[in-house]
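Comments concern the structure below.
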Amino acid sequence: MPQTEEAAAWFAAVYQAVQEIPHGRVTSYGHIALLLGFPERPRQVGVCLKHLPSAADQPSARYNSDTVPWQRVINAKGAISPRGANGAANQETVLGQEGVAIGRGSLGERTVDFETYGWFPSRLPSREGEDESDSE
DNA sequence: CCTATGACGCAAT
DNA sequence: AATTGCGCCATAG
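Take the first sequence: its position 69, counted from the start at 1, is 69 in the numbering used here, and no numbers get skipped.
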């Protein structure tokens, strides 16, 4: 778990943003970072998902693998990040269960067609009209 | 405390 | 087309 307030806020922001991804769609780590206003930190988005507690482990946690659709986040190349054979295979299964077709790259990477399943809004749907402090 | 590593991504080689 | 370098920063050792 995050050890500083600042980190906790970041984790929560990432989890909330991921929750905005529609069922059956996917987006990238980089896009989540962009939506949050930190285009230079796609890697930190990965850190958050990496530490997302499993629902079985923390059933009542606000953010866990059950409440956050972590499977809808893949890398900018349109592939499920390799990390470990296990994790990627699991993500393929969960993602496939919501109707997303998983392909295979030349190196065996599990791929998703962004043209078909991609979700890349420029701003978070729930925040699109929230900021008006944009004075110039 | 300091170094290494990584569910990333992009520019420059 | 494939690598390398770099930014970022939470964790692990």
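The beta-carbon is built from N, C-alpha and C at its ideal position, and this holds for glycine as well.
Cβ shell of residue i (< 7 Å), same chain only, five flanking positions each side left out
i	result
Q91	Q71 and I80
A13	L36
S135	Confidence at S135 is low in this model, with a pLDDT of 38, below 50, so its placement is unreliable and no value can be given for it.
Residue i - containing alpha helix (DSSP H), residue span
i	result
I21	First-last for I21: undefined, no H or E at that position.
F38	Unbroken run through F38: none, as it is neither H nor E.
A85	A85 to G96
V45	P42 to K50
F114	F114 to Y117
Cβ pair residue i, residue j closer than 8 Å
i	j	result
G96	I102	yes
V73	Y29	yes
V94	G24	no
A76	S65	no
Integer Cβ distance of residue i from residue j, believed to fall under 8 Å
i	j	result
P69	I32	Contact doesn't hold; Cβ gap of about 12 Å is too wide.
Contacts around residue i, its chain only, beta-carbon distance under 8 Å, and the 5 residues preceding and following it disregarded
i	result
C48	W10, F11, V14 and Y15
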